[in-house]
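In what follows, a structure is listed as structure tokens, so that the remarks can point back to it.
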Amino acid sequence: TKAVSKCYVQVTGMTCASCVANIERNLRREDGIHSILVALMAGKAEVRYNPAVIHPAAIAELIRELGFGATVMENCGDGDGVLELVVRGMTCASCVHKIESTLMKTNGVLYCSVALATNKAHVKYDPEIIGPRDVIQVIKDLGFTTSLVKKDRSASHLDHKQEIRQWKRSFVVSLVFCVPVMGLMIYMMIMDSQLSDAHAHHNMSSEEMEALHSSMVLEYQLLPGLSVMNFLSFLLCVPVQVFGGWHFYIQAYKALKHRTANMDVLIVLATSIAFIYSFVILLVAMAEKAKVNPVTFFDTPPMLFVFISLGRWLEHVAKGKTSEALARLISLQATEATIVTLGPGNILLSEEQVDVELVQRGDIVKVIPGGKFPVDGRVVEGHSMVDESLITGEAMPVTKKPGNTVIAGSINQNGSLLISATHVGADTTLSQIVKLVEEAQTSKAPIQQFADKLSGYFVPSIVAVSVVTLFAWIIIGFVDFEIIEKYFLGYNKSISAAEVIIRFAFQASITVLCIACPCSLGLA
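Numbering of the sequence shown is given in this note's numbering, commencing with residue 66 and proceeding in unit increments.
Right, dumping it as structure tokens:
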């Protein structure tokens, strides 16, 4: 027999099944090419050729002449079949050795390892020579029972329902508490501006006096140093910090454990510091029985959490939509196939139902009217109409006669067909689509990777900037106290100058942190 080699060619520019047929038809005519098999979704051609007559580069050139892009793939390992089996009845290491050595002697098995503890066997084989059913038969002949490792067909790992619920809850909690805080804040701003106007003009109408009094209600001190406004803000802020920020804290903790800094770390840092600083300032004011109410940042955490949890919620909803489409695709795959043995003159000798994973390339599969095609293949016998709308979107059924190709997952309509399997398992068009969508879901968009990388540097640098701010103001304060007197509102003569400086410096550095946190980067 002539030596036959196998090579894989990456083909680009194929748009439909007729491109595939075009390449296959033209290359079959060439000298030295035994067979060619093109997979549309994977963009891959598997060519068996005679190395004495033709070489892979020339094959790629032939495909290029047909108007497609083609490059020879160096690593041809993708063509190997991989099989995961559960083997029952092994008792000791000699059983393991028996199975391994027998399989390795079998023609077509490239690699095999059996684990006694987990009862699993991992086999790599050449699908041209041998198939999963043959491997299972070899193990059965040795006296062990064996079955396929069941794959999880439901796309449960693609389910975003729980995350959607969690972020929605987080958003709603933050929103409920954020609205009053914002209301209070806006009200105080308006009142403050009226107050300063009134002070400027000295002549106030009775309405303005009343407005002032109502604003005084919020400034009214329940305890010395604790105003109604600050007390309400504090009460509204606690639940948000706990319930709204719960997931952020967990994520941030995980990130810090791995010594990385992400968006969550920044959010947690800014909100916690704003919250704790405000809380401490309140306690200090109460201890001092201050006349002027301190400036707190209780409005920061709720507003931040609202924006960010809304963003996360929308993101998961979008992801969930794609996943739903993917789960529907996966559910289109047939689970079983009827394999038939043909005698001379295409006479049916026997047929058996097998798991779709056990169909081998070259098997003759029978598809009855109304059945799904379990694998991609070529019609050998029979005439029928086939609904291929799941792949092509074409609502009209397509006529199939011997020699036509069929796609896994499409539905046979009126006639019974015998097909010869060309692509099985993970190589079918449907599996390839599922794989592409899964990859698109799991891989990040380039811009997102960039943003993550940036926030790795961004977080430490913001912290550094705020620390610099802190020390800069402390130094400025001790050098020239008047600057601080000018900017520090509610400066109380009863407090020592050093304390004023430190308080002001802290306020400045916290402000830097809080403002940098919702940085457009993260929100976007």
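Glycine included, each C-beta is placed from N, C-alpha and C at the ideal position. Everything numeric in this text was worked out from a predicted model, so none of it was measured.
With distances taken from CA atoms, which of the options is nearest residue i?
i, options, result
"Val241", "Pro304, Asp199 and Leu394", "Pro304"
"Thr487", "Asp428, Val532 and Pro434", "Asp428"
"Lys226", "His323, Leu578 and Thr387", "Thr387"
"Ala122", "Leu321, Lys71, Met79 and Ala562", "Lys71"
"Gly97", "Phe209, Ala104, Asn87 and Ala68", "Ala68"
"Val20", "Leu331, Ala186, Met294 and Asn87", "Since the displayed the chain opens at 66 and closes at 589, residue 20 lies outside it and no answer follows."
"Tyr190", "Leu413, Gln425 and Ile373", "Gln425"
"Gln418", "Ala135, Val430 and Ala402", "Ala402"
"Pro192", "Val200, Glu139 and Gly468", "Val200"
"Ala563", "Phe543, Gly435, Phe362 and Leu92", "Phe543"
"Val499", "Ser100, Ala107, His99 and Arg90", "Ala107"
"Trp538", "Tyr552, Val528 and Ile527", "Tyr552"
"Met250", "Glu139, Pro462, Asp364 and Leu423", "Asp364"
"Val652", "Leu423, Val147 and Gly196", "Residue 652 cannot be examined here, being either before or after the span of the chain that is shown, 66 to 589."
"Asn358", "Met294, Leu413 and Ile395", "Met294"
"Arg230", "Ser374, Glu503 and Ala505", "Ser374"
"Leu168", "Ile195, Val137 and Arg153", "Ile195"
"Val471", "Ser485, Asp441 and Leu483", "Asp441"
"Trp378", "Gly435, Ile315, Ser239 and Arg198", "Ser239"
"Val528", "Asn91, Ala180, Ser574 and Thr156", "Ser574"
"Gly29", "Thr183, Arg90 and Thr494", "This structure gives no information on residue 29, because the portion of the chain shown stretches from 66 to 589."
"Glu422", "Ile484, Lys437, Val432 and Thr400", "Thr400"
"Leu181", "Asn172, Met461 and Thr156", "Thr156"
"Gly248", "Pro197, Gly208 and Leu301", "Leu301"
"Ser449", "Ser526, Gly436 and Val151", "Gly436"
"Leu288", "Tyr176, Ser481 and Glu353", "Glu353"
"Ile119", "Arg94, Tyr285 and Asp492", "Arg94"
Could you tell me if residue i is buried or exposed, where buried requires 16 or more neighbouring beta carbons within 10 angstroms of its beta carbon?
i, result
"Thr464", "exposed"
"Ser178", "exposed"
"Ala117", "exposed"
"Thr336", "buried"
"Glu453", "buried"
"Val524", "buried"
"Gly490", "buried"
"Lys205", "exposed"
"Gln497", "buried"
"Asn477", "buried"
"Arg568", "buried"
"Lys170", "exposed"
"Glu550", "exposed"
"Phe362", "buried"
"Asp329", "buried"
"Leu391", "buried"
"Phe209", "buried"
"Tyr73", "buried"
"Tyr114", "buried"
"Pro439", "buried"
"Glu126", "exposed"
"Thr458", "Note on identity: in this sequence residue 458 is Gly, with Thr being the wrong assignment. Exposed: under 16 other Cβ atoms inside 10 Å."
Assuming residue i is part of the beta strand (DSSP E), what are its boundary residues?
i, result
"Val179", "Val174 to Ala180"
"Cys72", "Ser70 to Thr77"
"Ala457", "The sequence shown places Thr at residue 457, rather than the Ala named in the question. Run containing Thr457: none in the beta strand (DSSP E); it sits in the alpha helix (DSSP H), Ser454 to Thr457."
"Gln286", "Gln286 to Leu288"
"Thr210", "Thr210 to Leu213"
"Met138", "Gly134 to Met138"
"Lys205", "Unbroken run through Lys205 is the alpha helix (DSSP H), Pro197 to Asp206; no beta strand (DSSP E)."
"Leu131", "Unbroken run through Leu131: none, as it is neither H nor E."
"Ala186", "Lys185 to Tyr190"
"Val445", "Asp441 to Glu446"
"Ala355", "Per DSSP, Ala355 belongs to no beta strand (DSSP E) and is neither H nor E."
"Ile429", "Ile429 to Val432"
"Lys465", "Val463 to Lys465"
"Ala486", "Leu482 to His488"
Span of the alpha helix (DSSP H) holding residue i?
i, result
"Tyr318", "Trp311 to Lys322"
"Gly385", "Thr365 to Ser396"
"Tyr552", "Phe546 to Tyr552"
"Val303", "Val293 to Pro304"
"Ser151", "Strictly speaking, residue 151 in this sequence is Val, with Ser absent from that position. That residue, Val151, is in no alpha helix (DSSP H); its beta strand (DSSP E) goes Gly146 to Arg153."
"Glu165", "Ala158 to Lys170"
Counting Cβ pairs, one atom from each stretch, are 3 or more of them under 8 angstroms apart for the segment 335-351 and the segment 533-540? no
In the segment 399-426, which residue ranges form an unbroken beta strand (DSSP E) of at least 3 residues, counting only runs that do not cross its ends? 401-407 and 413-420
Using 8 angstroms as the Cβ pair cut-off and three pairs as the minimum, do the segment 74-84 and the segment 155-167 touch? no
Minimum length 3: unbroken beta strand (DSSP E) runs contained in the segment 84-125: 98-104 and 109-114
Three CB pairs or more closer than 8 angstroms across the segment 406-413 and the segment 353-371: no
Please confirm if the segment 310-323 is in contact with the segment 378-394, defined as three or more CB-CB distances below 8 angstroms between the two stretches. Below 8 angstroms, too few C-beta pairs join the segment 310-323 and the segment 378-394 to call them touching: fewer than three.
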